[in-house]
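In the numbering used here, the protein residues as written are 77 to 328.
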Ligand SMILES: NC(=O)c1ccc[n+]([C@@H]2O[C@H](COP(=O)([O-])OP(=O)(O)OC[C@H]3O[C@@H](n4cnc5c(N)ncnc54)[C@H](OP(=O)(O)O)[C@@H]3O)[C@@H](O)[C@H]2O)c1
C-alpha cells in the first residue's frame, strides 16, 4: 500500500511518553523514517526497536530538549543518519512539561526549568530547523501548544503562559518562512491523559474532580491523528493551527 509519508524523515521530540510516542509511531506507520528524542534512553531504544520490528526506520538520540548542545547534537546526528539517503523534512516540537497551580501557588522552583524546555529549547529547535528547511525550500515544523495557550486558566497559569509564548513564536516563525515553502503548524491539545498530569503535579484532588464533568478525555492518539492529517495535506495547504479537545471539555 502507498504510504503517504514514505521517503520523508521526521524528528519528534518527547517521544518517551504520551503525545510524542503516539506521533512517532503514527508517522512511522505512515512511512516516515523517525528520529526519536527524549531524555530516557531505554524508552527511546524500546520505541526504536518496535518501529524497526514493524518494518520502519528509527534513530534514537537521547538528550535534554532544553539544552542547546543536545539540540545541536540531535540535528547533527539526524543529518549524519540521513546522509546519502536524503535529509529531514518534518520536525515535531513536542517535548515539554506542565505545572499545576497558578501564579500564586505553583512551585516557583520549577518555573525556570519549565521555560527552559517549553519556550527556549522549543524556540532553539524551531530556529535551527527552520533555517535548514528554508535552505531546502520546504518542510514542516509542527509545534505543540495547548488549549491553555489560548485560553489562560487560573489552575495552570504559569504553564499556560509558556504555551502562549510558543503559540506566538510559531506564528512569528510561520510569517518568516512561509514564502520559502516551509509550513508551520501549531497544534493545541485540550486534556490528554498521559504522564503529563503526574509530572505537572496534578492529582485527584486538584485535577480529577474538576475534569470529571468533561467525560471521556483524550488519548495521545487523537493528537497524533491530527498531526498526521495536517502533514499529509498537499504542500500548498498549511493548517496554521488546530485545537483538539475532548468533546465534553467546555473550558479551557
Ligand atoms: N497532556 C495534556 O493534557 C497536554 C495538553 C496540552 C498540551 N500538552 C503538551 O503536549 C506535549 C507532550 O505532552 P504529553 O501529554 O505527551 O506529556 P508526557 O506524557 O509527560 O510526555 C512528555 C515528553 O516530553 C519529554 N520531555 C519532558 N521534558 C524534557 C526535557 N527537558 N528534555 C527532553 N525531553 C523532555 C518527556 O521525555 P523524558 O522525560 O524521557 O525526557 C516525554 O517524552 C507537551 O509539550 C505538553 O505541554 C499536553
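By construction, the Cβ of each residue, glycine as well, lies at the ideal position given by its N, Cα and C atoms.
query: With burial defined as no fewer than 16 other Cβ atoms inside 10 Å of the residue's Cβ, what is the status of residue 117: buried or exposed?; result: exposed
query: Output the boundary residues of the beta strand (DSSP E) element that contains residue 89.; result: 85-89
query: With distances taken Cα to Cα, identify the nearest neighbour of residue 126 among 251, 256 and 92.; result: 92
query: Need the endpoints of the alpha helix (DSSP H) that residue 190 sits in, please.; result: 187-191
query: Following a CB-centred definition, is residue 179 positioned closer than 7 angstroms to any heavy atom of ligand 1?; result: no
query: How close, in whole Å, do the beta carbons of residue 192 and residue 139 come, if the pair is a contact with beta carbons under 8 angstroms?; result: Incorrect: roughly 13 angstroms between the Cβ atoms, too far for contact.
query: What distance in whole Å lies between the Cβ atoms of residue 317 and residue 249, which are believed to be in contact at a cut-off of 8 angstroms?; result: 13 angstroms between Cβ atoms; not a contact.
query: Would you mind listing the alpha helix (DSSP H) stretches within the stretch 219-257 that are 4+ residues and don't spill past its ends, in chain order?; result: 233-253
query: Is it the case that the Cβ atoms of residue 300 and residue 95 are separated by a distance below 8 angstroms?; result: yes
query: Rounded to the nearest angstrom, how far is the Cβ of residue 123 from that of residue 97, given a contact under 8 angstroms?; result: 6 angstroms
query: State buried or exposed for residue 328, treating a residue as buried only when at least 16 other CB atoms are found within 10 Å of its CB.; result: buried
query: So, with DSSP's three-state summary, where would you put residue 319?; result: strand
query: Count the other CB atoms within 10 Å of the CB of residue 179; is the residue buried (16 or more) or exposed (fewer)?; result: exposed
query: For ligand 1, I want to know if residue 140 counts as a neighbour, meaning its beta carbon is within less than 7 angstroms of at least one of the ligand's heavy atoms.; result: yes
query: Quick one: residues in its chain with C-beta nearer than 7 angstroms to the C-beta of residue 273, no 5 flanking neighbours on either side, listed in chain order?; result: 283
query: Rounded to a whole number of angstroms, what is the C-alpha to C-alpha distance between residue 244 and residue 217?; result: 14 angstroms
query: Would the beta-carbon of residue 219 fall within 8 angstroms of that of residue 137?; result: no
query: For residue 108, tell me which candidate among 163, 199 and 150 has the shortest Cα-Cα distance.; result: 163
query: To the nearest angstrom, report how far apart residue 101 and residue 278 are at their CA atoms.; result: 27 angstroms
query: Please state if the CB of residue 104 and the CB of residue 132 are separated by a distance shorter than 8 angstroms.; result: yes
query: For residue 223 versus residue 319, is the C-beta distance shorter than 8 angstroms?; result: yes
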